[in-house]
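The sequence shown runs contiguously to residue 125 in UniProt numbering.
Here a beta-carbon is modelled for each residue, glycine too, at the ideal position from N, C-alpha and C.
The next block holds one structure in the form of structure tokens; read it before the comments.
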Amino acid sequence: YAVKHSFWFDIYKNIDKIQLVECPVLVIHGTDDKVVDISHGKQLWELCKEKYEPLWLKGGSHCNLEMFPEYLPHLRKFISAIEMLPVPKFPRHSSVAEHDHKKEKQQMDSTKSSTSSWIGSRHST
1 YAVKHSFWFD
11 IYKNIDKIQL
21 VECPVLVIHG
31 TDDKVVDISH
41 GKQLWELCKE
51 KYEPLWLKGG
61 SHCNLEMFPE
71 YLPHLRKFIS
81 AIEMLPVPKF
91 PRHSSVAEHD
101 HKKEKQQMDS
111 TKSSTSSWIG
121 SRHST
């Protein structure tokens with residue numbers, strides 16, 4: 001069962017996007033998952049640019065992985081490894097988030113101004 005692409009009804013098109021991910025990726029998957037076959041998890045891991053040691057949980061299904069004793073220690077180990085990585089430096093440029101923040105601030109300033117005018121006009125009567 002090789003996953004080569006996503007189906008149109010797949011809302012999580014991970015196979016199509018995983019090669020765009022630049023940071024380390026941890027894949028945890030159960031061997032008895034009836035919803036998403038383990039081959040999908042294995043192929044995701046294979047396609048990762050920055051692979052972290054995967055965790056294939058023998059007997060794990062789709063919704064019970066955190067119940068396995070090896071789950072939490074492996075997750076903690078991954079988080080510790082990530083915390084040790086240097087923070088990447090990105091080129092400084094205006095981002096969408098900054099643009100949205102500026103727009104929100106302008107709207108808030110405008111709202112404050114009109115609210116102040118409204119409050120002032122109510123008190124002057």
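When DSSP labels each residue in this structure, what does residue i get in the three-state scheme?
{"i": "G60", "result": "coil"}
{"i": "L55", "result": "strand"}
Less than 9 Å between the C-beta atoms of residue i and residue j, yes or no?
{"i": "N14", "j": "L44", "result": "yes"}
{"i": "H62", "j": "V87", "result": "no"}
{"i": "K49", "j": "V21", "result": "yes"}
{"i": "L72", "j": "P24", "result": "no"}
For the ligand MG, I want to know if residue i counts as a neighbour, meaning its beta carbon is within less than 8 Å of at least one of the ligand's heavy atoms.
{"i": "K49", "result": "The model depicted lacks the ligand MG and carries no ligand whatsoever."}
Would you tell me roughly how many angstroms separate the C-alpha atoms of residue i and residue j, rounded to the nearest one?
{"i": "R76", "j": "D33", "result": "23 Å"}
{"i": "S39", "j": "F90", "result": "34 Å"}
{"i": "Q19", "j": "L47", "result": "6 Å"}
{"i": "S80", "j": "M67", "result": "21 Å"}
{"i": "K17", "j": "K51", "result": "15 Å"}
Once you ignore the five residues that flank residue i on each side, which residues in its own chain have a CB closer than 6 Å to its CB?
{"i": "H74", "result": "L55"}
{"i": "G59", "result": "D32"}
{"i": "F78", "result": "L26 and Y52"}
Might you give, ordered along the chain, the residues of its own chain that have their beta carbon closer than 7 Å to the beta carbon of residue i, omitting 5 neighbours on each side?
{"i": "I82", "result": "P24"}
Taking 8 Å as the limit between beta carbons, can you name the residues of its chain near residue i, skipping five residues before and five after?
{"i": "E70", "result": "L55 and L57"}
Is the segment 20-30 touching the segment 45-65, taking contact as three or more C-beta pairs under 8 Å?
Yes, the segment 20-30 is in contact with the segment 45-65.
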